[in-house]
Each structure stands twice: as structure tokens, then as C-alpha cells.
């Protein structure tokens, strides 16, 4: 989630975990994205969800 709301950017599509239960995502942050800490929500089918944050710097 950015200041403008929920992101639908390329690279944030649903994924299946590997044999160890890990998933990774990569995406590009726009040059006009407001710096700060932004929430990311990861939902796991049948398990629930986790919320954490990532930081955008200038």
C-alpha cells in the first residue's frame, strides 16, 4: 500500500511457495513514489496473512 492506495503493479501477482515454504517478489518503485515506510500484506491460502513494511528512500 502506498500513499495513493493499494498497488497493482507488475511483479506483485499471486505465487506458490517453494519446497521450503518460501516466496519472493520483485517490483519497481516509481520515481515519484513518496518516501517512507509502506505496508505490504501477504495472504497465504489456508494459513492467514502477515503484514510487514518496506522502506522507500529518495
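Residue numbers (the UniProt record's numbering): 1 to 58. Just so you know, even glycine gets a beta-carbon here, dropped at the ideal spot from N, CA and C. Because the structure is a prediction, the values reported are computed rather than measured.
#1: Pick out whichever of 4, 52, 34, 41 has its Cα sitting closest to the Cα of residue 13.
#2: Provide the residue(s) that pair with residue 33 in DSSP beta bridges, ordered along the chain.
#3: What are the residues that DSSP puts in a beta bridge with residue 43?
#4: Contact check, residue 23 vs residue 31 under 8 Å by CB: the rounded distance?
#5: Do residue 27 and residue 49 have their C-beta atoms within less than 8 Å of each other?
Considering the structure as presented:
#1: 41
#2: In the DSSP output, where bridge partners are listed per residue, residue 33 has none listed.
#3: 49
#4: Going by Cβ atoms, the distance from residue 23 to residue 31 rounds to 27 Å, so no, they are not a contact pair.
#5: no
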